[in-house]
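A.B. asks: Residue numbers (my numbering), protein chains in the order written: chain G, 1 to 386; chain A, 1 to 134. All C-beta atoms, glycine included, are put in the ideal place defined by N, C-alpha and C. Handing you this structure, nothing more for now.
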């Protein structure tokens, strides 16, 4: 993929040849609640709207009026007993791992020799399911300033997936254009709402993403199935955490099928779509099934000119974490062969989460390592070379 | 009823028995073959889909949607696309190929000649090309 209109590398040690390990899924976390954390990055009007500086209610009865401030969509219905972050990384005074870039650089990037890490802003995961697009856009914009100043500016190895409000494509395009020359952002985090992402309303976002070399980055948001404004689960609501975790990938499988059927990669052939932390073993079934049905039902969508699996190979990438652990480890190699991991799979740790992988957990044959550890990520996120 | 003309071909009837846009299934003594009239030209197609062996000549003969830009429709290849009745695979009767690279398999075809108003169907298939099912 050729990147146009992007500046040349500026930071020492950032030359492309130095990028040997890319972590495609990390999560910078807000140390405080979102409004407090984002306060310096909001306009005065939005600070007022968000009641950021109003202490009166809170000082009278702390935490008694949670509904006077916007709550970002999140998953409070399928809790798992156990820490969401790696407990050994929690600071002596209870500091959350992933909430301070200097600590994170030392305990993660330095420790594993990671040259680039894609930040997917977990603290605003659910903004795509927020009903008010203007609110989502304001929070997204402030989050991007926070990521750029508190993470990228501290250490150029941290590169962001730009938060946008997909329910307000016009504002999303403005946000992307604002950052188009900045190396701080390599991707665009598109928080999935209730609408599959192949539909035309999202195409203006794809147009600018393609022009400036941003990959579209998906990640589960916690809003799946829980909010009418978020993506739905098939069949009904999961009942427990266990079935919820299994179903979490469903909207992303559906949106991938829709992207292909809608011809998004015909319309935007240089666009890259990244599916983070939604698995990859299921791709075998999706690719074979879609290819099979394409041969039988091509006429309704004649713009799907290539077998669906071909678009996946050329335009779609998947993060490796949580890496598969079949009963017979030798099955991994067959599976990776079937999903064309040489072009589709990218290494990820999911730092600082409890279920993360280290590079040593990547059970891939030596001939795949370079592509999975860095090559495929650099293809998906060419702005990492900036 | 087909009549053997010589060792190479059978007479399957008068040319006006094979109207344009239709498929008539006959035998060359060895195989069931659909005689397909595309714009006045006759083609012999073995009544076996190279995909799963379905009687493809009992499927639809019509055109199809050509590859197009997203959101646009362009119809074409009118009357020369055979749509298999089983899995709707599409083959171009004229070339024998599956359309638009859908698959590498091809129709098995038998040469057809019109001599003195009679349709002569070869017993020997068109020379096998790469990708054909034997």
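Here's the rule I'm using: 16 or more other beta-carbon atoms within 10 Å means buried, otherwise exposed. How should residue 250 (chain G) be labelled?
C.D. replies: On the first chain, residue 250 (chain G) is found 250 positions in, with the first residue counted as 1. Classification of residue 250 (chain G): buried, given that the 10 Å Cβ count is 16 or more.
A.B. asks: Which of the three DSSP states is assigned to residue 381 (chain G) in this structure?
C.D. replies: As a first step, residue 381 (chain G) is located in the first chain; it is residue number 381 there, counting from the start. DSSP places residue 381 (chain G) in coil when its eight states are reduced to three.
A.B. asks: In chain order, what are the residue ranges of uninterrupted beta strand (DSSP E) at least 3 long that sit wholly in the region 230–292 of chain G?
C.D. replies: 273–275
A.B. asks: Can you list, in chain order, the residues of the region 275–308 of chain G whose Cβ is nearer than 9 Å to any Cβ on chain A?
C.D. replies: Of all residues in the region 275–308 of chain G, 292, 294, 295, 296, 297, 298, 299, 300, 301, 302, 303, 304, 305, 306, 307 have a Cβ within less than 9 Å of some Cβ in chain A.
A.B. asks: So that I know if they touch, is there some Cβ in chain A lying closer than 7 Å to that of residue 267 (chain G)?
C.D. replies: Mapped onto the first chain, residue 267 (chain G) falls at position 267. With 7 Å as the cut-off, residue 267 (chain G) counts as an interface residue toward chain A.
A.B. asks: In terms of residues, what are the limits of the beta strand (DSSP E) holding residue 329 (chain G)?
C.D. replies: As a working mapping, residue 329 (chain G) is identified with position 329 in the first chain. Counted as a single uninterrupted DSSP element, the stretch harbouring residue 329 (chain G) is not any beta strand (DSSP E), since DSSP gives it neither H nor E.
A.B. asks: Just to make sure I have the definition right: I need the residues of chain C whose C-beta is within less than 8 Å of the C-beta of residue 66 (chain A). Which are they?
C.D. replies: This model lacks chain C altogether, as its protein chains are G and A.
A.B. asks: Starting from residue 83 (chain A) and walking both ways along the beta strand (DSSP E), at which residues does that stretch end?
C.D. replies: As a working mapping, residue 83 (chain A) is identified with position 83 in the second chain. From DSSP, the beta strand (DSSP E) with residue 83 (chain A) extends over 75–83.
A.B. asks: Closer than 7 Å, CB to CB, is residue 89 (chain A) near chain G or not?
C.D. replies: Position 89 of the second chain holds residue 89 (chain A). It does; some Cβ of chain G falls within 7 Å.
A.B. asks: Start and end of the alpha helix (DSSP H) containing residue 133 (chain G)?
C.D. replies: Within the first chain, numbered from 1, the residue matching residue 133 (chain G) stands at position 133. Here the alpha helix (DSSP H) through residue 133 (chain G) covers 133–147.
A.B. asks: How long is the line joining the alpha carbons of residue 83 (chain G) and residue 51 (chain A), rounded to whole angstroms?
C.D. replies: For the purposes of this step, residue 83 (chain G) is identified with residue 83 of the first chain, where counting begins at 1. For the purposes of this step, residue 51 (chain A) is identified with residue 51 of the second chain, where counting begins at 1. Taking the straight line from one Cα to the other gives about 53 Å.
A.B. asks: Does the beta carbon of residue 149 (chain G) fall short of 6 Å from some heavy atom of the ligand GTP?
C.D. replies: The ligand content of the structure shown is nil, which means the ligand GTP is not present either.
A.B. asks: Grouping DSSP H, G and I as helix and E and B as strand, with all else coil, what is residue 19 (chain G)?
C.D. replies: Stepping through the first chain from its first residue, residue 19 (chain G) is reached at position 19. Residue state, collapsed to three classes: coil.
A.B. asks: Please classify residue 353 (chain G): does DSSP put it in a helix, a strand, or coil?
C.D. replies: Position 353 of the first chain, counting from 1, holds the residue named residue 353 (chain G). In this structure, residue 353 (chain G) counts as strand in the three-state DSSP scheme.
A.B. asks: What residue from G:50, G:176, G:363, G:54 has the CA that sits closest to residue 326 (chain G)'s CA?
C.D. replies: The residue given as residue 326 (chain G) occupies position 326 in the first chain. Checking every option, the nearest Cα to that of residue 326 (chain G) belongs to G:363.
A.B. asks: Thinking C-beta only, is residue 219 (chain G) closer than 7 Å to residue 120 (chain G)?
C.D. replies: Here residue 120 (chain G) refers to the residue found at position 120 when the first chain is read from its first residue. Here residue 219 (chain G) refers to the residue found at position 219 when the first chain is read from its first residue. Against a cut-off of 7 Å, the Cβ pair of residue 219 (chain G) and residue 120 (chain G) comes out as a contact.
A.B. asks: Rounded to whole angstroms, how far is the Cβ of residue 117 (chain A) from the Cβ of residue 19 (chain A), which I believe are closer than 8 Å?
C.D. replies: In the second chain, residue 117 (chain A) corresponds to position 117, counting from 1. In the second chain, residue 19 (chain A) corresponds to position 19, counting from 1. Contact flag wrong, Cβ pair sits at about 14 Å.
A.B. asks: Going straight from the alpha carbon of residue 361 (chain G) to that of residue 98 (chain G), what length do you get?
C.D. replies: What you label residue 361 (chain G) is simply residue 361 of the first chain in a count that begins at 1. What you label residue 98 (chain G) is simply residue 98 of the first chain in a count that begins at 1. When rounded, the distance between both Cα atoms is 21 Å.
A.B. asks: With 7 Å as the threshold, decide whether the Cβ of residue 77 (chain A) is near any Cβ in chain G.
C.D. replies: Sequence index remark: in the second chain, residue 77 (chain A) carries index 77 (1-based). For residue 77 (chain A), the answer is no, since every Cβ of chain G falls outside 7 Å of its Cβ.
A.B. asks: May I ask you to list, following chain order, the residues of the region 243–263 of chain G that have a beta carbon less than 9 Å from some beta carbon of chain A?
C.D. replies: 262, 263
A.B. asks: Please identify, using Cβ separations under 9 Å, the residues of the region 88–110 of chain A that lie next to chain G, in order along the chain.
C.D. replies: 88, 89, 90, 98, 99, 100, 101, 102, 103
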